[in-house]
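J.: Can you read through this structure? Questions will come right after.
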Amino acid sequence: MKKKAFLAALPHCLPVCTGFLFVGMSYGVYMASLGFSFVWPMLTSITIFAGSMEFVTANLLVQRFDPLGALLLALTVNARHLFYGVSMLEKYRAAGRKRWYLIFGMCDETFAINVSTEPPEGVDRDWFYFFVTLIDQAAWIAGATLGGLVGGLLPFDTTGIDFVLTALFIVIFLGQWLAADRHLPAVTGVLCSVAALVLFGADNFLLPAMLLILLALTALRKKWNKKEGAEL
Amino acid sequence: MTMTFPQAALTIAMVVLGTVITRFLPFILFPASRPIPAYIKYLGEVLPHAVTGLLVVYCLRNISPFRAPFGLPELISFAVILVLHLYKRNTLLSLLGGTACYMLLVQLVFTA
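Protein chains in written order, with this note's numbering: chain A, 19 to 250; chain B, 6 to 117.
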């Protein structure tokens, strides 16, 4: 049963694994450039396992000691996970003891796969979600550790490799767009985010953008329910 | 490294705590015994698409349409991903094509 679920999960994870190896490596290289051994990116990718927050944490570690600030920053940068959790309530709470790891390991990409993928016929759902989560995290840990080990020794210019993260979200966005017959939520998300970005600037827009999205979607609820099934 | 080891460990522990709270809170607020309110169900349905939109904007937050290179490397790479994805529907191909395009652009064309 486990082997079948693992083999079913693997192809869904390959694109993310590729992205994670690259971005994880750039994270490891980044920590190495700040003077940390490979043990640091390895341990943070096991314990924190939230990519963008790990980059931010590396930066925090070379600044003034401020644990409360670190906590607040983690809550803000990762507040989007609250949205993911709400989307996964029904899927994950049926998973028994495995749910603890499913929830712990629910990064952006794993969430994107598990929320949008139905396991094939005859494959155990919970083990499928479990292996998607595990394979993704293993790739991230491997990339971060490798990056920390090789440091600045890479034989080619890696400038711009961080775009792989952007490309990943664009591809996920396109995939969701093509699969959906109503695009109101996606359009709302982009418009609210751009509005918050213009109003609050690149360093402070994440929280206002999330509030704006929440308000807009709440206001649109009647419209959404009335036109259930209709093209939008 | 400017922090002592305990300080660095505590900083990481706080980041872990913050991250774990954001991931577990919905499941604690709505345990299996309590029915999920219709409003929360609605959010669960529409939020994933909206949040992906937010993440795309978040990744592109530092480009400026008023300053060279005017976000052109990102815009061109975005177009490459769009064309590749509509044409082939292969996630890995779109991902690598877009990233390679961006790397070539910032290393060879839009060199600052």
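The C-beta atom is built at its ideal place from N, Cα and C for all residues, glycine as well.
#1: May I ask you to list, following chain order, the residues of the region 28 to 49 of chain B that have a beta carbon less than 7 Å from some beta carbon of chain A?
#2: For a test of the three-state rule: what should DSSP assign to C106/B, helix, strand or coil?
#3: Could you check which residue in A27/A, I159/A, K21/A has the C-alpha nearest to that of V41/A?
#4: I think I179/A touches S44/A, with their Cβ atoms under 8 Å apart; what is that distance to the nearest whole Å?
#5: Between the region 40 to 57 of chain B and the region 100 to 109 of chain A, can you find at least three pairs of beta-carbon atoms closer than 8 Å?
#6: Please confirm if the region 44 to 60 of chain B is in contact with the region 192 to 202 of chain A, defined as three or more CB-CB distances below 8 Å between the two stretches.
#7: Can you name the start and end residues of the alpha helix (DSSP H) that S63/A belongs to?
#8: Is there a Cβ from chain B that is less than 9 Å from the Cβ of T163/A?
#9: Kindly list, in the order they appear in chain A, the residues whose Cβ is closer than 7 Å to that of Y107/B.
#10: Taking 9 Å as the CB-CB limit, is F71/B close to chain A?
#11: For a contact meaning CB atoms closer than 9 Å, what does G76/B contact in chain A?
#12: Mapping the DSSP letters down to three states, classify D84/A as helix, strand or coil.
#13: What's the call for D175/A, buried or exposed, on a 16-neighbour Cβ count within 10 Å?
#14: Name the chain B residues that come within less than 9 Å of I190/A, Cβ to Cβ?
#15: On a CA-only basis, which of I231/A, G69/A, A23/A is nearest M49/A? Give me that one, please.
#16: Since A97/A contacts L225/A with CB under 8 Å, what's their CB separation in whole angstroms?
#17: Return the CA-CA distance between I17/B and K22/A, expressed in angstroms with no decimal places.
#18: Could you name the residues of the same chain whose beta carbon sits closer than 6 Å to that of K116/A, not counting the 5 residues immediately before and after it, in chain order?
#19: Please list, in chain order, the chain A residues whose beta carbon lies closer than 8 Å to that of I86/B.
#20: Quick one: does V20/B have its CB under 9 Å from some CB of chain A?
#21: Do the CB positions of V13/A and V62/B come within less than 9 Å of each other?
#22: DSSP three-state call for S38/B: helix, strand or coil?
#23: In or out: Q155/A buried (at least 16 other Cβ within 10 Å) or exposed?
#24: Within the continuous alpha helix (DSSP H) that includes T128/A, where are the two ends?
#25: Residue range of the alpha helix (DSSP H) that H54/B falls in?
#26: Give me the Cα-Cα distance between F71/B and A220/A, rounded to the nearest whole angstrom.
#27: State buried or exposed for Y107/B, treating a residue as buried only when at least 16 other CB atoms are found within 10 Å of its CB.
#28: Can you tell me whether DSSP reads E139/A as helix, strand or coil?
#29: Expressed to the nearest angstrom, what Euclidean distance is found between the alpha-carbon atoms of W118/A and T104/B?
#30: Closer than 9 Å between beta carbons: that is the criterion. Which residues of the region 33 to 53 of chain A meet it against chain B?
#31: Measure the alpha-carbon distance for A13/B versus T7/B and round it to whole angstroms.
#32: L101/B CB to nearest chain A CB: under 9 Å?
#33: Beta-carbon separation of I121/A and F29/B under 9 Å?
#34: Comparing C-alpha positions only, which one of E127/A, E136/A, C31/A sits nearest to T184/A?
T.: To lay it out plainly:
#1: R28, F29, L30, P31, F32, F35, A37, I41, I45, Y47, L48, G49
#2: Taking the second sequence and counting its residues from 1, the one referred to as residue 106/B is at position 101. Correct three-state label for C106/B: helix.
#3: Here the question's residue 41/A lines up with position 23 in the first sequence. Selected option, being the one with the closest Cα: I159/A.
#4: In the first sequence, residue 179/A corresponds to position 161, counting from 1. In the first sequence, residue 44/A corresponds to position 26, counting from 1. That belief holds up - the Cβ atoms of I179/A and S44/A are roughly 5 Å apart, short of 8 Å.
#5: yes
#6: yes
#7: Residue numbering aside, residue 63/A sits at position 45 when the first sequence is read from its first letter. It spans 57 to 65 - the alpha helix (DSSP H) in which S63/A sits, taken as one unbroken run.
#8: Counting from 1 along the first sequence, the entry for residue 163/A is found at position 145. No, T163/A lies away from the interface with chain B (no Cβ there is under 9 Å from its Cβ).
#9: What you label residue 107/B is simply residue 102 of the second sequence in a count that begins at 1. Correct list: G178, F181.
#10: Within the second sequence, residue 71/B is the residue found at index 66, counting from 1. Closer than 9 Å: no.
#11: Position 71 of the second sequence, counted from the first residue, corresponds to residue 76/B. What G76/B touches in chain A: nothing, since even the nearest Cβ is about 12 Å away.
#12: Counted from its first residue, the first sequence places residue 84/A at position 66. Coil at D84/A, not helix or strand.
#13: What you label residue 175/A is simply residue 157 of the first sequence in a count that begins at 1. The residue is exposed, with fewer than 16 neighbouring Cβ atoms inside 10 Å.
#14: For the purposes of this step, residue 190/A is identified with residue 172 of the first sequence, where counting begins at 1. Simply T57, L60, V61, T96.
#15: Translated into the one-based positions of the first sequence, residue 49/A becomes position 31. Looking at the Cα atoms, G69/A is the closest of the given residues.
#16: As a working mapping, residue 97/A is identified with position 79 in the first sequence. As a working mapping, residue 225/A is identified with position 207 in the first sequence. Contact holds; Cβ gap of about 7 Å.
#17: Position 12 of the second sequence holds residue 17/B. Position 4 of the first sequence holds residue 22/A. For I17/B and K22/A, the distance between alpha carbons rounds to 36 Å.
#18: Against the first sequence, residue 116/A aligns to sequence position 98. Once the five neighbours on either side are set aside, the close Cβ partners of K116/A are D144, F148.
#19: The residue given as residue 86/B occupies position 81 in the second sequence. A185, I188, V189, L192, listed in chain order.
#20: Walking along the second sequence from the start, residue 20/B turns up at place 15. Chain A contact via Cβ: present.
#21: Residue 13/A is absent from the structure shown; chain A starts at 19 and stops at 250.
#22: Counted from its first residue, the second sequence places residue 38/B at position 33. Correct three-state label for S38/B: coil.
#23: Here residue 155/A refers to the residue found at position 137 when the first sequence is read from its first residue. It counts as buried.
#24: Within the first sequence, numbered from 1, the residue matching residue 128/A stands at position 110. Run containing T128/A: 126 to 134, per the alpha helix (DSSP H) assignment.
#25: Here residue 54/B refers to the residue found at position 49 when the second sequence is read from its first residue. From DSSP, the alpha helix (DSSP H) with H54/B extends over 43 to 64.
#26: Looking up residue 71/B in the second sequence gives position 66. Looking up residue 220/A in the first sequence gives position 202. Looking at the two C-alpha atoms, the distance is approximately 14 Å.
#27: Position 102 of the second sequence holds residue 107/B. So Y107/B ends up on the buried side.
#28: Position 121 of the first sequence, counting from 1, holds the residue named residue 139/A. Three-state result, E139/A: coil.
#29: As a first step, residue 118/A must be located in the first sequence, where it is residue number 100. As a first step, residue 104/B must be located in the second sequence, where it is residue number 99. Looking at the two C-alpha atoms, the distance is approximately 34 Å.
#30: P33, V34, T36, G37, F40, L52, G53
#31: In the second sequence, residue 13/B corresponds to position 8, counting from 1. In the second sequence, residue 7/B corresponds to position 2, counting from 1. So the alpha carbons of these two residues sit roughly 9 Å apart.
#32: In the second sequence, the residue the question calls residue 101/B occupies position 96. Chain A contact via Cβ: present.
#33: Walking along the first sequence from the start, residue 121/A turns up at place 103. Walking along the second sequence from the start, residue 29/B turns up at place 24. For I121/A and F29/B, yes; Cβs fall inside 9 Å.
#34: In the first sequence, residue 184/A corresponds to position 166, counting from 1. The shortest C-alpha separation from T184/A is found at E127/A.
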